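Residue numbers (the working numbering), protein chains in the order written: chain A, 1394 to 1648; chain B, 850 to 1241.
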């Protein structure tokens, strides 16, 4: 196991170097949107996502399944041990302050996609005693080092969004089909959405964005004024989860 | 001096045997937890800290309370505590070892614990907690042992211990303050997001720790050690004041939460005291805690009961269990209920989790028993020697 994982990292590192040699913009045209529209040409990068609540279909689980498939997220079949990177919650649970009794019923029931907010001021990073979770300066992604995490779960307590899951037991037997391109985790470490940094490094869109046929998920670089996400945030009203906490979440909800 | 722990009555050895057995049972279940993972406990995705971390939090308070004996004796030269400061220091040693063990037991990857030292992260409160707890353990072990050893030889303690003793006083405050900061600094957990957390922790600590020492002293008949009536009564007053302050701080929290009526803040307290949306696993516990607190205050405030050792022992037991429920059960678990996504997931510890917890407590009590045995035997020897040679 150890040996093959090491080999995987060697191959992965070599492929990344090879890919990095080519300019990212030539790697466009994936699924829901073209990579060049993300704003990869800007000198600085700050990845963010907008979720279009008007387009998200009830009962559709495409983004969830795509994400959990490529990231080897296990399915334990019980809520106690559950691990999730992206999932749906009723509107009233995601935006409790915005709910009122006269709101249209479909709004209150509306499934809202939730995931790690990749905060600009992430409390989880602040509280981690080993820097196993950290914010990548160059593009703002909040990442995890699964080999450094001691499983103290301070980050879980620190996250105001419930975005983090603990591996309460060995996840490997519960992964439907292991994708060898992404590492599996071990018991006793915390995990969460990584904004598909492994795919971005290859010039590919996040798996959830690519999987969404309704184009309800818009991903891109906030530092590029021409990017699609900047355009859509400029033209439409958007909400963020618990903005009053000052964490500066980078998932925007278009209403 | 360690040899003093190797000879004792049948009662002593019986007690030690029970503790070792409980430790063995705990260790066996811990090995199971190591191989299965923390899923063996009642913790879940929503309630990720529970019994272990709650014990840790409660015991940091017990450890910090040693200062209630050290401070009057060393800063105010309150001679009546001369005989028992060592008991406070040794209680601190046993409690801090339990605290550290509970943290290790709670880790998902305990073999990586040293990553905290390999990648020191001063922005993390847990890092500072590790620093202050280990420092406090070191201070109390060195101070307690050195002072006792000199006392045994009939010498005054060496000069270099004094600065360590003075340092240990603010250090005691720091361990519980830093532990409170673990909770009080988290933006999304409204139950803990309160500036009174650290004062409240200290208030309850200064009641529960001295209450435990008083209980041990009142059991003096088992050892023949007499702390003296004055020391016991002063300690009883300390417990009384600290318990009043502790209850007062909780009431202040309740006022702020229910008068402001901010739902996010109210939900946790409702869950804790009356139940929320049909969930209320902690409600009977909390009312037991309130009842015990009331009983203890009645017994402690009334001088007639406070001065009778039987009633005082009962009051101290009530204080200890009331605060154990408040901090060792209610405070940590309720922070997670409801979750940031407004879900209520109940928590119930599992059998292995309880047995591991009991095992760690047994380990702490064994350390405490050995340390107290040493301290009390040495004191008795000095006492009997000075009786036979009054000129000394």
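Yeah, the Cβ is synthetic: ideal placement off N, Cα and C, and Gly gets one too.
Computed from a predicted structure; not experimentally measured.
What are the boundary residues of the alpha helix (DSSP H) that includes residue i?
| i | result |
| --- | --- |
| residue 1038/B | From DSSP, residue 1038/B is part of no alpha helix (DSSP H); its letter is neither H nor E. |
| residue 1013/B | 1010–1033 |
| residue 1458/A | 1455–1463 |
| residue 1647/A | Taken as a continuous stretch (DSSP letters only), residue 1647/A belongs to no alpha helix (DSSP H), being part of the beta strand (DSSP E) at 1644–1647. |
| residue 868/B | 859–885 |
| residue 1536/A | It is not in any alpha helix (DSSP H) - residue 1536/A instead sits in the beta strand (DSSP E) that spans 1535–1537. |
| residue 1487/A | 1484–1487 |
| residue 1133/B | 1132–1150 |
| residue 1518/A | 1516–1520 |
| residue 1048/B | 1046–1067 |
| residue 999/B | 974–1002 |
| residue 919/B | 916–925 |
| residue 1083/B | 1078–1109 |
| residue 964/B | 964–967 |
| residue 1166/B | 1158–1174 |
| residue 1551/A | 1547–1551 |
Can you name the start and end residues of the beta strand (DSSP E) that residue i belongs to?
| i | result |
| --- | --- |
| residue 1610/A | 1610–1614 |
| residue 1528/A | 1526–1528 |
| residue 1441/A | 1440–1445 |
| residue 1582/A | Element bounds for residue 1582/A: n/a, residue is neither H nor E. |
| residue 1508/A | 1504–1508 |
Using 8 Å as the limit for Cβ to Cβ distance, is residue i near chain A?
| i | result |
| --- | --- |
| residue 1137/B | no |
| residue 904/B | no |
| residue 968/B | yes |
| residue 983/B | no |
| residue 976/B | yes |
| residue 885/B | yes |
| residue 897/B | yes |
| residue 909/B | no |
| residue 1239/B | Legend: pLDDT at residue 1239/B = 39, less than 50; position of this residue unreliable, value from coordinates given subsequently. No, residue 1239/B lies away from the interface with chain A (no Cβ there is under 8 Å from its Cβ). |
| residue 893/B | yes |
| residue 961/B | yes |
| residue 973/B | yes |
| residue 1123/B | no |
| residue 1151/B | no |
Within 8 Å of any Cβ in chain B, is that where the Cβ of residue i sits?
| i | result |
| --- | --- |
| residue 1394/A | Bear in mind that the predicted position of residue 1394/A carries a pLDDT of just 49, short of 50, making it unreliable; the figure below should be weighed with that in mind. With 8 Å as the cut-off, residue 1394/A does not count as an interface residue toward chain B. |
| residue 1578/A | no |
| residue 1541/A | yes |
| residue 1546/A | yes |
| residue 1640/A | yes |
| residue 1494/A | no |
| residue 1585/A | no |
| residue 1582/A | yes |
Confirm, please, whether the CB-CB distance from residue j to residue i is below 8 Å.
| i | j | result |
| --- | --- | --- |
| residue 1190/B | residue 1482/A | yes |
| residue 951/B | residue 1123/B | no |
| residue 1556/A | residue 1538/A | no |
| residue 1582/A | residue 1082/B | no |
| residue 1511/A | residue 1534/A | yes |
| residue 1509/A | residue 1610/A | no |
| residue 1600/A | residue 1466/A | no |
| residue 1487/A | residue 1634/A | yes |
| residue 1576/A | residue 970/B | no |
| residue 985/B | residue 1009/B | no |
| residue 1553/A | residue 1433/A | no |
Practice task
Identify each residue in the stretch 1030–1044 of chain B for which the Cβ-Cβ distance to at least one residue of chain A is less than 7 Å, and report them in chain order.
Solution key: 1035, 1036, 1037, 1038
Problem - Proximal residues, the stretch 1549–1570 of chain A versus chain B, C-beta separation under 8 Å - result: 1549, 1550, 1551, 1552, 1553, 1554, 1555, 1558, 1559, 1560, 1561, 1562, 1563
Problem - Short-range partners of chain B found in the stretch 1501–1533 of chain A, where Cβ spacing is below 7 Å - result: 1516, 1519, 1520, 1521, 1522, 1523, 1524
Practice task
Scan the stretch 1181–1208 of chain B for residues whose Cβ lies nearer than 8 Å to a Cβ of chain A and list them as they occur along the chain.
Solution key: 1184, 1185, 1188, 1189, 1190, 1191, 1192, 1194
Handout entry: Interface residues of the stretch 1603–1618 of chain A facing chain B [CB-CB below 8 Å]
Key = none
Exercise for the section: Would you be able to state if there are at least three C-beta pairs under 8 Å between the stretch 1515–1524 of chain A and the stretch 1144–1152 of chain B? Expected result: no
Practice task
Report yes or no: do the stretch 1155–1170 of chain B and the stretch 1096–1103 of chain B share at least 3 C-beta pairs separated by less than 8 Å?
Solution key: no
Problem - Inter-stretch contact at 8 Å, needing at least 3 Cβ pairs: the stretch 1542–1555 of chain A / the stretch 888–899 of chain B - result: Counting C-beta pairs closer than 8 Å gives three or more between the stretch 1542–1555 of chain A and the stretch 888–899 of chain B, which meets the contact rule.
Practice task
Give a yes or no on contact between the stretch 1437–1445 of chain A and the stretch 1616–1629 of chain A, applying the rule of three or more CB pairs nearer than 8 Å.
Solution key: Taking 8 Å as the limit for Cβ pairs, the verdict is that the stretch 1616–1629 of chain A does touch the stretch 1437–1445 of chain A.
Problem - Inter-stretch contact (C-beta, 8 Å, three-pair minimum) for the stretch 928–945 of chain B and the stretch 1205–1220 of chain B - result: yes
Practice task
Quick one: which residues of the stretch 1095–1110 of chain B get their C-beta closer than 7 Å to a C-beta of chain A? List them in chain order.
Solution key: none
Handout entry: Residues of the stretch 1445–1474 of chain A whose Cβ lies closer than 8 Å to any Cβ of chain B, in chain order
Key = 1472, 1473, 1474
Practice task
Identify each residue in the stretch 941–957 of chain B for which the Cβ-Cβ distance to at least one residue of chain A is less than 9 Å, and report them in chain order.
Solution key: Shown in chain order are the members of the stretch 941–957 of chain B whose Cβ falls below 9 Å from a Cβ of chain A: 952, 955, 956, 957.
Practice task
With 8 Å as the limit, tell me which residues of the stretch 1479–1494 of chain A have their beta carbon closer than that to any beta carbon of chain B; keep them in chain order.
Solution key: 1482, 1485, 1486, 1487, 1489
Practice task
Mind the definition here: the stretch 1045–1057 of chain B touches the stretch 1013–1026 of chain B only if three or more C-beta pairs lie below 8 Å; say whether that holds.
Solution key: The stretch 1045–1057 of chain B, when compared against the stretch 1013–1026 of chain B, does touch it at the 8 Å Cβ threshold.
Exercise for the section: Evaluate the contact criterion for the stretch 1077–1092 of chain B versus the stretch 1160–1176 of chain B: three or more CB pairs, one atom per stretch, below 8 Å. Expected result: yes
Problem - Validate contact between the stretch 1180–1189 of chain B and the stretch 895–910 of chain B using beta carbons, cut 8 Å, 3 pairs - result: yes
Practice task
Count the CB pairs spanning the stretch 1192–1209 of chain B and the stretch 871–881 of chain B that are closer than 8 Å, and state whether there are at least three.
Solution key: yes
Exercise for the section: Check whether the stretch 919–930 of chain B touches the stretch 1031–1045 of chain B, counting contact only when three or more Cβ pairs, one atom from each stretch, lie closer than 8 Å. Expected result: no
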